[in-house]
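Participant: Please read through the structure below; I'll follow up with questions.
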Amino acid sequence: MPTAPQAADGGDDADLARPPVTLVVLDMAGTTVADGGLVEEAFSRAVRRLGVEPGSEVYERQLDYVRATMGESKITVFRALFGAEDRARAANSAFEEAYAELVDSGLCAPLPGAEEAVRELRADGRKVVLTTGFARTTQDAILAALGWQDLADLTLCPADAGRGRPHPDMVLTALLRTGTGAVRQVATAGDTASDVRSGLRAGAAVAAGVTTGAHTAEQLHAAGATHVLGSVAELPALLRER
């Protein structure tokens, strides 16, 4: 009887079908960075400038939408809420300004174990890319506040890739810019259904959800998460065990 083909290192067909993860694409707010309600507070400040009063029926309806679309590009969210492009851009600018003010006031911190997880992933020989639904100016403000400018191999926002989550653009852009192999060698992790869907649509081998942010384990499972973790700190061990 013929023997099954062996991998170069002595592994079997399963090893050949499951190449090692070489690129990890991580969300920021809610996944590696503690949100602490900053998105909702910045939203409240922004829409107040456009005449939407907190506590009103319109405000509550809009806030529900913001919560449901956590992780998506913020300009896309505001387009859905306000329709007209000029109002959407005004709301987005007000949101970014408000979020930056909150970050500058010290209300921004890494999630426990997140920085260590990124360092572990890179020590294991994997490239790490940090992504966000915020604009580049806000992403840079967060990175500066945390001293994370050099923590990852690359950082991306929707404008860098074309479209934000749940589209696969940022994951695929991360793959192209880091030159780390094929999509089946990519792992993604995020705290929202949009993060999970983005990873799956890109063809990532791992599209993990973490329960430290906006969405529950049930919501992440419903979005199709390949794994649901208590935090991103669990990701290095998961990838070593694959």
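Residue numbers for the sequence shown follow this note's numbering, so the first one is 580 and each next one is one higher.
Backbone N, C-alpha and C define an ideal beta-carbon position, used for all residues, glycine too.
Just so it is clear, the structure is predicted and the values come from calculations on it, not from any experiment.
#1: Just how far apart, CA to CA, sit arginine 705 and glutamate 680?
#2: Let me make sure I understand the geometry here. Which of Thr611, Val656 and Ala696 has the alpha-carbon closest to that of asparagine 671?
#3: Using DSSP with H/G/I as helix, E/B as strand and the rest coil, what is threonine 717?
#4: Taking 8 Å as the cut-off, is the beta-carbon of leucine 605 closer than that to any non-hydrogen atom of the ligand NAP?
#5: In the structure shown, what three-state DSSP assignment does histidine 806 receive?
#6: Hey, valine 789 and leucine 808 are a contact pair by Cβ (cut 8 Å); roughly how many whole angstroms apart?
#7: Please report how far the alpha carbon of glycine 778 lies from the alpha carbon of leucine 755, in whole angstroms.
#8: Quick check on glutamate 694 - is its C-beta less than 9 Å from some C-beta in chain C?
#9: Hey, proline 822 and alanine 677: beta-carbon distance below 9 Å or not?
#10: Count the C-beta pairs between the segment 601-609 and the segment 760-775 that are closer than 8 Å, then say yes if the count reaches three, no if not.
#11: Considering only C-alpha positions, which residue in the set Thr610, Ala667, Thr601 and Leu730 is nearest to phenylalanine 622?
#12: Can you tell me the Cβ-Cβ gap for alanine 642 and glutamine 764, rounded? I've got them flagged as a contact below 8 Å.
#13: Could you tell me which uninterrupted beta strand (DSSP E) segments, each at least 3 residues in length, are contained entirely in the segment 701-768, listed from first to last along the chain?
#14: What would DSSP say about glycine 778, mapped onto helix, strand or coil?
#15: Quick one: Cα of alanine 802 to Cα of glycine 630, how far?
#16: What does the Cβ neighbour count give for proline 737, buried or exposed, with the cut at 16 atoms within 10 Å?
#17: For glycine 524, list the residues DSSP reports as bridge partners.
Facilitator: By the coordinates alone:
#1: Computed Cα separation, rounded: 34 Å.
#2: When the alpha-carbon of asparagine 671 is set against those of Thr611, Val656 and Ala696, the nearest one is in Val656.
#3: DSSP places threonine 717 in helix when its eight states are reduced to three.
#4: In terms of ligand content, the structure shown is empty, and the ligand NAP therefore cannot be addressed.
#5: Shown here, histidine 806 sits in a strand according to DSSP, grouped into three states.
#6: Leucine 808 and valine 789 do touch by the CB rule: their CB atoms are close to 5 Å apart, below 8 Å.
#7: Approximately 15 Å between the Cα atoms of the pair.
#8: The chain labelled as chain C is not found in the depicted structure, where only one protein chain is given.
#9: Absent from the structure is residue 822, since the part of the chain shown begins at 580 and ends at 821.
#10: In short, these stretches touch, since the Cβ pair count reaches three.
#11: The option with the nearest alpha carbon to phenylalanine 622 is Ala667.
#12: Inspection of the sequence shows that residue 642 is occupied by leucine rather than by alanine. Contact annotation, leucine 642 with glutamine 764: C-beta distance approximately 39 Å; criterion of less than 8 Å not satisfied.
#13: Those beta strand (DSSP E) runs which fall completely within the segment 701-768 and span 3+ residues are 706-710 and 733-735.
#14: Note: glycine 778 maps to helix in three-state DSSP.
#15: If you take the alpha carbons of alanine 802 and glycine 630, they lie about 34 Å apart.
#16: Counting of Cβ neighbours within 10 angstroms places proline 737 among the buried residues, the total reaching 16 or more.
#17: Residue coverage of the chain in this structure runs from 580 to 821, which leaves residue 524 outside it and unanswerable.
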